[in-house]
Amino acid sequence: MSNLETAIAVAAAAHMDQQDHNGDPYILHALRVMMAQTTREAQILAVMHDMIEHTATSLNDVYSFGFDDDIVLALNAITRRDDEDHLVFVKRACSNPIARPVKIADLRDNLRLHQQDAERSTRYREALEMLGERP
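Residue numbering for the sequence shown follows UniProt numbering, starting at 1 and increasing by one per position.
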């Protein structure tokens, strides 16, 4: 199995039975973010980007699945800390070159998912603008 196949399998198992705000399987969000990527490293990171924050999976678990330091460091960068300001988090996440395109795709997908939620939409739009990206 390739690292991408492993990442997809691990993420699907980790997000099993989770749903997004629209009631769809949560893994679909991770897969959409993955499909927006142009490098294999970014695809691997993208499909796992919410695992540490939203599941019981740890960074040590990710190491044990056979992923290298670059992926684990990028996953650490793209994981929001407890009580971390959203824009501080986005800026920190985007300081990692693998995590930056993943976070941008994540923000865009979240913006699309939360169009009816003005507060969330504003937060995602502000983050994209801070990064010099169009929403």
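The C-beta atom is built at its ideal place from N, Cα and C for all residues, glycine as well. None of the values given here were measured: they were computed from a predicted structure.
Assigned secondary structure, residue i (DSSP; H/G/I helix, E/B strand, else coil)
i	result
P97	coil
Q43	helix
Burial state of residue i (16 or more Cβ within 10 Å)
i	result
D50	buried
V88	exposed
Check whether residue i and residue j have beta carbons under 8 angstroms apart
i	j	result
C94	L59	no
L128	R134	yes
A105	Q37	yes
A22	L111	This sequence places Asn at residue 22; Ala is not what is there. No; because the gap between Cβ atoms is not below 8 angstroms, this pair is not in contact.
L75	M48	yes
Short CB-CB distance (under 8 angstroms) between residue i and chain D
i	result
C94	No chain D appears in this structure, which consists of one protein chain only.
Of the residues the options, the one placed nearest residue i, counting alpha carbons only
i	options	result
E41	Y124, A13, A118 and I98	I98
A12	E126, D69 and P25	P25
L4	A56, H29 and G66	G66
Supposed contact pair residue j and residue i - C-beta distance, whole angstroms, cut 8 angstroms
i	j	result
V33	V102	6 angstroms
H86	R125	Actually they are not in contact, since the Cβ atoms of H86 and R125 sit about 12 angstroms apart, beyond 8 angstroms.
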